[in-house]
Structures are given as structure tokens and as C-alpha cells.
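Numbering (full-length UniProt numbering), first residue to last: 1 to 232.
We put the beta carbon where it would ideally sit given N, CA and C, even for glycine.
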């Protein structure tokens, strides 16, 4: 019995020593992590520059956040984000959607457009490549040959990929309206507005491709008068 008591006492001593050592190591680790976190400058995480309702653009000028430049920047950024969502819906589909890589290319062009908007200034416009618009037109023709003619208005829907592309299309129209004001003031190359106009056509075309890929029926607008006649 004495041997058993001695063995138990020794095991308890060893257990306590282990717990204390572990506790010291954890405390030391937490202290080190705290020092690492405290060494990260807050300015690297957030600048607070926009707290006054003004923001910097690439010309090193400050403008109020409701300035037309920031409206255009916000609209094109939102457009790119929603195109990304539509691209992910297409990738999650059980079938391959052929336009996915083209959407990623469009997002790259929208980043270039955002840079152009941020540098926009009356009388100092920089050219926006017309090649981007020509690419869209070629893609539209390519996919349009795979679709029946759109004889009626299409109601947005037709699956997640299709519906999200319709949302992206409407945001594209808003981005075009924002950019149009900068073009009118001579601050931005008119080709940027042309690109967004053609991009909305492209998004409409591939929304129909998305519905076709997912074997979803397009919803066609039926005037109320025709609906009433069918019921009679």
C-alpha cells in the first residue's frame, strides 16, 4: 500500500509540473502573439482618410465621396463584383458554361476602366482601347448563333447563373450612365462608355446561354391584354 501511495504521489507531482509548464508556455505564446499584433501599424489596416467624407483619386486630388468620379468608380466596382458572383454560379453548375473565362477577362478590363476613371480630368482624357469593345462584339455574334431570336422581352430568371447575369446587366447600365457624365464633361474617353454599352448586350446574350446550359426555360413577357384574351 505504501508503494502505491508513493507512486500516486509522484504521478500527481509530475502532472502538476506538466500543467504549470504548459500554462507558462501558453502565457508566453499569448504574450508573443500580443507583441506581434501590437507591432502591426494601424495605418496598414485602415487609414481613416475617408472619415471626412472626402477621398483621394489617382491624380492626388481629393474629392467629396458623392462626386461623379466616385459614383462611376462604385458602379463599375459593383459590376465587377456581381460578374464574379455570376461566374461562380456558372462554375458551380453541373454542366460547363462556355463564357466563364470571358467573364474573368471582362473583370480585368473593368479594373483598367476603374483606373482610367480615377485618373479622369477635363481636357486630359486618356484613350480607352477600342479593341475591348470589338472583342465583346465578336463574342456576342459567337453566342447569338447558338440561340433562337429574342422576339419578345425576357423576364430575368432562368436559374442562378442566368438571373445573376441579368442583375449584372442592370448594374452595367447604371455604370454606363455614371460614366456618360464624365464623358460629357470631357474627363473620360468616350470609348469607355461604348464598352459598357456593348457589355450590357454581352451580359444579356450570355444570360440566355446560361439558361440554355442549365436547361431552364426563359421567361417571356406577355402583355396583360394577351393574357386576358387567352383566359376568355
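Let's test the definition: count the other Cβ atoms within 10 Å of the Cβ of residue 114 and tell me whether it reaches 16, buried, or not, exposed. Along the chain shown, read from residue 1 onward, the residue named residue 114 stands at position 114. Residue 114 comes out buried.
Look at residue 106 and residue 81 and say whether their C-beta atoms are less than 9 Å apart. One-based indexing of the chain shown puts residue 106 at position 106. One-based indexing of the chain shown puts residue 81 at position 81. At a Cβ-Cβ threshold of 9 Å, residue 106 and residue 81 do not count as neighbours.
Out of 125, 96, 166, 162, point me to the one whose CA is closest to residue 182's CA. Position 182 of the chain shown holds residue 182. Closest option to residue 182, Cα to Cα, is 125.
If you drop the 5 nearest sequence neighbours on each side, which residues of the same chain put their C-beta closer than 7 Å to that of residue 77? Start at 1 with the first residue of the chain shown, and residue 77 comes out as number 77. The residues are 114.
Could you check if residue 71 is buried or exposed, using at least 16 other CB atoms within 10 Å of its CB as the buried criterion? For the purposes of this step, residue 71 is taken as the residue at position 71 of the chain shown. Looking at its Cβ environment, which holds 16 or more other Cβ atoms inside 10 Å, residue 71 is buried.
Could you say if the stretch 138-157 and the stretch 189-196 meet the contact criterion of at least three C-beta pairs nearer than 8 Å? When Cβ pairs closer than 8 Å are counted between the two stretches, the stretch 138-157 is seen not to touch the stretch 189-196, the count staying below three.
Measuring CB to CB, does residue 207 end up less than 9 Å from residue 176? Position 207 of the chain shown, counted from the first residue, corresponds to residue 207. Position 176 of the chain shown, counted from the first residue, corresponds to residue 176. No; because the gap between Cβ atoms is not below 9 Å, this pair is not in contact.
Taking only three categories from DSSP, how would you classify residue 222? Mapped onto the chain shown, residue 222 falls at position 222. In this structure, residue 222 counts as coil in the three-state DSSP scheme.
Less than 8 Å between the CB atoms is what I'm expecting for residue 168 and residue 109, so what's the real figure, rounded? Along the chain shown, one-based indexing puts residue 168 at 168. Along the chain shown, one-based indexing puts residue 109 at 109. Not confirmed; about 14 Å, so no contact.
CB contact below 9 Å: residue 108 versus chain C: The structure shown has no chain C; it contains just one protein chain.
Can you find the residues in the same chain that come closer than 7 Å, C-beta to C-beta, to residue 161, ignoring five residues on each side of it along the sequence? By one-based count along the chain shown, residue 161 stands at place 161. Its chain contains 86, 89, 90, 93, 97, 210, 214 as the residues whose beta carbon lies nearer than 7 Å to that of residue 161, once the 5 sequence neighbours on both sides are disregarded; these appear in chain order.
Tell me whether residue 184 is buried or exposed, calling it buried when 16 or more other Cβ atoms sit within 10 Å of its Cβ. Counting from 1 along the chain shown, the entry for residue 184 is found at position 184. With fewer than 16 other Cβ atoms within 10 Å, it is exposed.
Going by C-alpha to C-alpha distance, which of 165, 164, 187, 203 sits closest to residue 144? For this step, residue 144 is matched to residue 144 along the chain shown. Comparing Cα positions, the closest option is 203.
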